[in-house]
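Residue numbers (our numbering), protein chains in the order written: chain A, -3 to 249; chain B, -3 to 249; chain C, 118 to 478; chain D, 118 to 478; chain E, 2 to 182; chain F, 2 to 182; chain G, 9 to 82; chain H, 9 to 82. Virtual Cβ for every residue (Gly too), placed ideally from N, Cα, C. If you're wondering where the values come from, they're calculated on a predicted model, not measured in any experiment. Here's the structure we're looking at; comments come further down.
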Amino acid sequence: MDIKDIIKDENVIYKKSAVLTDNEMHYCPGCTHGVVHKLIAEVIEELGIQDTTIGIAPVGCAVFAYDYLEIDWQEAAHGRAPALATAVKRLMPEKMVFSYQGDGDLAAIGTAETIHACNRGENIVMVFINNGIYGMTGGQMAPTTLQGMKASTCPFGREPQQDGFPLKITEILATLPGTSFVTRQSCHTAASVRKTKKALIKAFKNQQAGKGTSLVEVVATCSSGWKQSPTKSNDWMVENMFPFYPLGDLKDE
Amino acid sequence: MDIKDIIKDENVIYKKSAVLTDNEMHYCPGCTHGVVHKLIAEVIEELGIQDTTIGIAPVGCAVFAYDYLEIDWQEAAHGRAPALATAVKRLMPEKMVFSYQGDGDLAAIGTAETIHACNRGENIVMVFINNGIYGMTGGQMAPTTLQGMKASTCPFGREPQQDGFPLKITEILATLPGTSFVTRQSCHTAASVRKTKKALIKAFKNQQAGKGTSLVEVVATCSSGWKQSPTKSNDWMVENMFPFYPLGDLKDE
Amino acid sequence: MKELKLMKGNEAIAHAAIRCGVDGYFGYPITPQSEIMETLMEEQPWLDTGMVVLQAESETASINMVYGGAGCGKKVMTSSSSPGVSLMQEGLSYMAGAELPCVVVNVVRGGPGLGTIQPAQSDYFQSVKGGGHGDYKLITLAPASVQEMADFVDLAFELSFKYRNPAMILSDGVIGQMMEKVELQPFKPRMTEEEIVAKYGDWATTGRTSNRKRNVITSVSLDSEYMEEHNHKLQAKYKACEEDEVRYEEIMCEDADYILVAYGSSARICQKAVEIAREQGIKAGLLRPITLFPFPTKQLQKLAQSAKAMLSVEMSAGQMVEDVKLSVNGAIPVEHYGRIGGIIPSPGEVVDALKSNFIQG
Amino acid sequence: MKELKLMKGNEAIAHAAIRCGVDGYFGYPITPQSEIMETLMEEQPWLDTGMVVLQAESETASINMVYGGAGCGKKVMTSSSSPGVSLMQEGLSYMAGAELPCVVVNVVRGGPGLGTIQPAQSDYFQSVKGGGHGDYKLITLAPASVQEMADFVDLAFELSFKYRNPAMILSDGVIGQMMEKVELQPFKPRMTEEEIVAKYGDWATTGRTSNRKRNVITSVSLDSEYMEEHNHKLQAKYKACEEDEVRYEEIMCEDADYILVAYGSSARICQKAVEIAREQGIKAGLLRPITLFPFPTKQLQKLAQSAKAMLSVEMSAGQMVEDVKLSVNGAIPVEHYGRIGGIIPSPGEVVDALKSNFIQG
Amino acid sequence: MKEEIIIAGFGGQGVLSMGKILAYSGVMQDMEVSWMPSYGPEMRGGTANVTVILSDDRISSPILHEYDTAIILNQQSLNKFEKEIKPGGILLYDGNGIQNHPTRKDIRIYRIDAAAEAAKMQSAKTFNMIVLGAYLKVQPIVKMENVLKGLKSSLPERHHHLIPLNEKAINRGEEIVYEVK
Amino acid sequence: MKEEIIIAGFGGQGVLSMGKILAYSGVMQDMEVSWMPSYGPEMRGGTANVTVILSDDRISSPILHEYDTAIILNQQSLNKFEKEIKPGGILLYDGNGIQNHPTRKDIRIYRIDAAAEAAKMQSAKTFNMIVLGAYLKVQPIVKMENVLKGLKSSLPERHHHLIPLNEKAINRGEEIVYEVK
Amino acid sequence: MAKAKGAIVVDTVKCKGCELCMVACPTNVIVMAKEVNGKGYHYSTPGNPDACIGCTNCAVVCPDSCITVYRAKA
Amino acid sequence: MAKAKGAIVVDTVKCKGCELCMVACPTNVIVMAKEVNGKGYHYSTPGNPDACIGCTNCAVVCPDSCITVYRAKA
Ligand SMILES: Cc1ncc(C[n+]2csc(CCOP(=O)(O)OP(=O)(O)O)c2C)c(N)n1
Ligand SMILES: Cc1ncc(C[n+]2csc(CCOP(=O)(O)OP(=O)(O)O)c2C)c(N)n1
Ligand code: SF4
Ligand code: SF4
Ligand code: SF4
Ligand code: SF4
Ligand code: SF4
Ligand code: SF4
Ligand SMILES: [Mg+2]
Ligand SMILES: [Mg+2]
């Protein structure tokens, strides 16, 4: 068939989700945040929950997430998204609530809020973008920065004696009685993107079923922070991040 | 032998540690804090580290711990003892540093400081008094309050749906790469007191050996908060706390 | 149906919150105000009104839960005492920046640091000047009785929703711990989402409905022009507050030569001091600011025309006295008398201070 | 050996810290000051001087690490920007209460809330009045150049140890981000425990030695009499600061009719405004407070005798202007001019404000 | 009519609840009342006290530095508060454990051996009610019917069966109090 | 002698480091200098600019609202800064991607096609050095020897091998810049 | 040359030239343009459109939702 | 009656009457006094001193370090 015969409205099999706004994302080229935003938009669209979903944006590169998804949003103080989400969900149990946080936000300054929201089993979805770095502020070490990995506050590579160990917060959260679904995904290939979407769907459905906290970690790249091209970043991630942050479900109850 | 022949200085086999001050402790009758204070004093005395040890007191009933042990002390803000201990040890690596914290202090407001100090593997001893309640402020629910247990902020018993689950923070800390020795002890019998002392000795020796973080949890009673006599509290603890907080070493590397 | 009860100031706050239809309380224990959450937990309002009551893991979490709840257009509150309120400063700045209403109760104790659990009024600056970062104000109410502890919950919510700005009830250990008679308001039902929209507008994140654009609660912008405009909007609200919301009580000020200025429990003591002074033939009066922000600047200016001097009496090293001075702007002498560290001045002391500053002095 | 370098204000702070023998830095990244920690990490001073540099998990942890280090008598510091500094308020109150020295750098950005990362001066109240609970003050230095960013590190430590009280370097995004020439001080070795004892006394927790009683660092007491006494001691220190530590710079004030009062980057702009005004025949001068607490009250009082009016120029909605008014106490008119939300006023604007307030007005 | 009272003793002696019953009694009698406790960390011996004011008029300061009546239940409190009683005022004290008895001449001093009596009644919990009875005898500021109403209001429902016992204790206190000259 | 310069373009075009070299050159020439960047979140396109002041006297405000010279590297920056050049001042711009060329008549306007030239030189990194060369041609405020010293000081040691290439680029810029009339 | 089963349309204005789509395409349809767009990026474009099988991989991985995919009905 | 091998001395002023020592004693040496001390507590006292074997249990569990234990040399 000729290409111009294919390019017809009735033949569209993939296009930008209607839940995404028309704003151009401020992210760097190839940033995983964009992919995950898109997936959440698709999930919200498919589950038909656009009018009942409240998103909680972090402080981090995703601080302006609210510019990109056509739903109601709250922008939280650094690390406190789980506290906001707790209140939003408890006050409006019939609404769908998700938080969206980076690794600095969720696993450094927000450690207490993260652990206690999960331990209370707040009936929410937490999306966790683990790029092993503070993207927003210019590439400082994050709690999840790998041993030996360079960042602007460990310019010679993370050294546990000086900088502490990388923190597997997701493994911790999986041990808590309040979480029902804890999974680690990625977005470096089309297949992995599709799997991440499935995980998100399960997480939102769990919330509809009142199952408690679902956490979807996405191991992500930050080409600016890592100082590599987006495609090289993906390779680096596969080689270095996945061995330490292995993909898969940690808990599914 | 007649008693007055026994009561002679040369026959003393147990007396108040010289590291304890003469101040009367402000604790309620039977409070576990008193026992653990005494043990720490004995350990400091036996290891000969009175002049090199710095204690970090919490906010909680043990806020005035510094009145009772004849060593240098710092009194931390609520939950922040691990942050203080981190700095003290890093700035004076040749000194011995321990923090002393209750369950509210260590596992609620101080969650982030606790987890990150342990995850960095700060070379310190953390003593953790888990009495399942906020003693100091009059018996409110703590992170470690058991399911169904009454406290002034869960007067009808802790109900996870409303109040969240009890948090096994020690189990979490044992999973972190920075900790080398994590143990849970008690002080309800003479034998258990002696075991706790052994654990404390090991913890301090680990610090001398530069092994990273040692955490000694002591499952404790709070007769005021539990509204039972000290002896009844011990029975209640054995029956109710131990099944959920089983005694023993969680990690010893 | 109004009910007359004998209760602590802290308990009165809890009961008033339930009765005026508060949607959520989030808090963390601290003396001398733990009875607020304890009373709520004992009352279990979630069974009746559906009010959410949650013990948070810290004050930081509490204030951010309040942020989340307020962002949904709900009436949400927290309470704490001085060190805990310090931990809320970032959150309060965020709420002011995001224009969120809420009520925060500070039952002040002596500082700095862990300090003492005894009563003090040394958090005036923090409440009124803005302890957090940036240019913002908290609408600040200072109850002087258990009755006002109860009444000001509703009032604080009214004001905070009217201006979409956090409101502070600045109390202290005396007012929180003492029992007095209190007449509780009748139960008001919690507002429905529709009622909230009708009364306060359609800005909350309750789920984007088809008849409006999505709502976003945020305090950030990278566009400085926008940020300046936003800040001007905030400043305009504060100006409006200063025009319209000043509240104070005057006791024997008409003919007074000497004006005591005092709020909260100090005002109770000064009331007695005025009685004693008058007995001694000193024409004293009391101006009790009820709103600390907005401050009764104009009324003090007016009194400065007839009075000879003013004495700001505070359980602090001298904080409100600055606002008294700024009001009077040099027209008459203004001095401060205070006790600190948890000590409560006696009425006699206050009279002596009046005399030594202005009369024998 | 002094060295002349071109660097950012933030970098200058880091280098100055290493050179003046700071023992420890604990911080958490935030724009516009992350270069401070980044520079330290790049320099790896622990290899040379043994200085500890640690990235904490939060600003709350940072300030409490600083507390711990300060309690050992060490020269320790942290840095942050507005929201992060709000999170330190409890810790700062504790440090003031426990009489601990330290240096905190606030490279201010526009608030409230997350606000903007652009420069502002809207944390004046927080720094100077006490954003935390209780009656306390921070010794507050306001650098207006990269050179002063470098120089004030040592000065801030000097003052903070002298008075055993936290010192704040209140900078802003302009001063932090701009590069200028800077002459760095020669390297001073870190002090030994013995030197610290000799210079500052024997109060730190370095391990109880046989020749002294054990030391306890604490801010709490349940004895109100003791607490009041302790608070009086703190107040006496603040009074002594006000007597002895006021620092300011005067530019063309001698014959000035109109005094601009401005600190930090606003002072740089006002310096140019004075030049422009003088060109236009307006006798303007600039009083630049270098210490914000203690505030140059007496100098302003003196200038109020010769000048016609004062304009407080701040990148805020009007904060320092209150201290100017309190100083002048009604003697001459005092007004405020400011831009907010991250906008930096131009010198021309300032001259216009001067005219519209006092000359054409 | 205005009565300013301090009640002081060990924590655990029922100081606060005695004050509460008095305050409630005042409410029942349509008076203005205030009840201001000393407060501190839970637990641990130490002293506790409460200031109760009963008045026909609006109460200004709930914090007092001198009192019409002091009800004193241990030595520390006696040492502290004896000097803060207004001339002509009343000091009522329990004799148990008192080594240094009151010495002022310008006040009326009453003694009650309530601790001993409570032991006799085999109910330590009645201790504070015996003291209350003594107080009401020497200063009958509220009518007994209002005291009983106050007692009822201040006790949680589940303790109402104890009211008769408490009433008995109050009566006993009225009987055994005596003036010390 | 005082020169107030704005350099503005996309993030990634080397705006800040060009400013830095200029500032360093001033230092080498014993001038007072200030370098004030726009700053923002890392990453993401958008514009970047830096204000550089070189002066024989103490510099008061490092923040300017009008400039002696504007060095402009994209359309957005041209739109923003053309109007902020002082009458008689200089506008130097790179022609790449410019749709709406400058129109002011009261300033001197120079154009450099540095992007194209850098492509020719097969080193995108030389782009900003070409522009710098152009600037130094039209406004030789600092001597070339000081520029080279400045370049050296502003580059980390490990990049010093690039200095000859950069020098070449500067020279090239001097050659190809031309005035637009 | 195989007849295309699918086709893509790239929003070249929005494209940031990250190359993720190019790498994700199983049939090497996509190349990066020599030209740059308004933001200065070498945008993505179907250099070998006939090879497109309409698998959507490229669109699925695109962070900026620039790609619309069409597939001929079977 | 067995001759004592051990003996204890209780600091009755400091004792808070918690009874933990009493419960901990394997030979029931300890009873609580009928009298109260200055703080109002029924303090601990060796009611049956001859049974003391000097095991130190009582002292070890005492939170307030009130008990000194003596044992006759073998
Ligand atoms: C209280 C506070 N501290 C610090 C910051 C500065 N800050 C902004 S984002 C951020 C970290 C971002 O990293 P991460 O959460 O991993 O998100 P990413 O940008 O990598 O997606 C920090 C430290 C802040 N805004 N507020
Ligand atoms: C910031 C802050 N929040 C709250 C408090 C009040 N507070 C004092 S101690 C305490 C909890 C004590 O409980 P825990 O840590 O379990 O110690 P325990 O008294 O049980 O030994 C609390 C909430 C405080 N002092 N500071
Ligand atoms: S800095 Fe990193 S995380 Fe942030 S937008 Fe760029 S690539 Fe994404
Ligand atoms: S309240 Fe509990 S923890 Fe505190 S001293 Fe009493 S028994 Fe011990
Ligand atoms: S749809 Fe599949 S085949 Fe077609 S261009 Fe995209 S990735 Fe390649
Ligand atoms: S993945 Fe998207 S943004 Fe990246 S090159 Fe392809 S079309 Fe452009
Ligand atoms: S030492 Fe042993 S035997 Fe003797 S009293 Fe104590 S517990 Fe009993
Ligand atoms: S254990 Fe100690 S405090 Fe308790 S009763 Fe025995 S001697 Fe007294
Ligand atoms: Mg990150
Ligand atoms: Mg506890």
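Annotation for residue 182(B): the continuous beta strand (DSSP E) segment containing it runs 175 to 182.
Beta-bridge analysis with DSSP links residue 23(G) to no other residue. Under the 10 Å beta carbon count, residue 100(F) is surrounded by fewer than 16 other beta carbons and is classified as exposed. By the Cβ test, the stretch 73 to 83 of chain B is in contact with the stretch 115 to 124 of chain B, since at least three Cβ pairs between them sit closer than 8 Å.
For residue 436(D), no chain F residue has a C-beta closer than 8 Å to its own C-beta; the minimum C-beta separation is roughly 20 Å.
Nearest in C-alpha terms to residue 2(A), of all of 45(G), 58(G), 68(G), 26(G), is 58(G). For residue 70(G), the CB stays at least 6 Å from every heavy atom of ligand 3. Using a 10 angstroms sphere on the CB of residue 260(D), the tally of other CB atoms reaches 16 or more, which defines it as buried. Nearest to residue 472(D) by alpha-carbon distance, out of 459(D), 453(D), 234(D), is 453(D). Note on geometry: alpha-carbon atoms of residue 176(B) and residue 10(A) lie some 52 Å from one another. The beta carbon of residue 12(A) sits no closer than 6 Å to any heavy atom of ligand 6.
Note that the C-beta distance between residue 226(A) and residue 26(A) is below 7 Å.
Following the DSSP letters along the chain, one finds residue 266(D) inside the alpha helix (DSSP H) bounded by residues 263 to 280. Residue-level contact check: residue 332(D) touches chain B, since one or more beta carbons of chain B fall below 7 Å from its beta carbon.
Taking a cut-off of 8 Å for Cβ pairs, the stretch 166 to 183 of chain D and the stretch 88 to 105 of chain A touch, as three or more such pairs fall below it.
The stretch 9 to 27 of chain F makes no contact with the stretch 132 to 151 of chain E, as fewer than three CB pairs between them are under 8 Å. Between residue 196(D) and residue 150(D), the CB-CB gap stays under 7 Å. Counting only Cβ-Cβ distances below 8 Å, residue 337(C) has contacts in chain D at 230, 231, 232, 233, in chain order. Boundaries of the beta strand (DSSP E) harbouring residue 70(F): 68 to 73, taken from the DSSP string. Exposure of residue 349(C) is indicated by the presence of fewer than 16 other C-beta atoms within 10 angstroms of its C-beta.
Chain-ordered, the chain A residues with CB closer than 8 Å to the CB of residue 161(B) read 115, 116, 117, 172, 173, 174. In the DSSP assignment, residue 163(C) is bridged to no other residue. Assigned with DSSP and collapsed to three states, residue 148(D) falls in coil, not helix or strand. Taking a C-beta distance under 7 Å as the contact criterion, residue 321(C) and residue 190(C) qualify as a contact pair. Residue pairing by DSSP places residue 223(D) opposite 197(D), 287(D) in a beta bridge. For the pair residue 266(C) and residue 147(C), the CB atoms are not nearer than the 7 Å cut-off. Nearest CB-CB separation between residue 253(D) and chain C: below the 7 Å threshold.
Residue 289(D) does not reach chain C, its nearest Cβ partner there being about 12 Å away, counting only Cβ pairs nearer than 7 Å.
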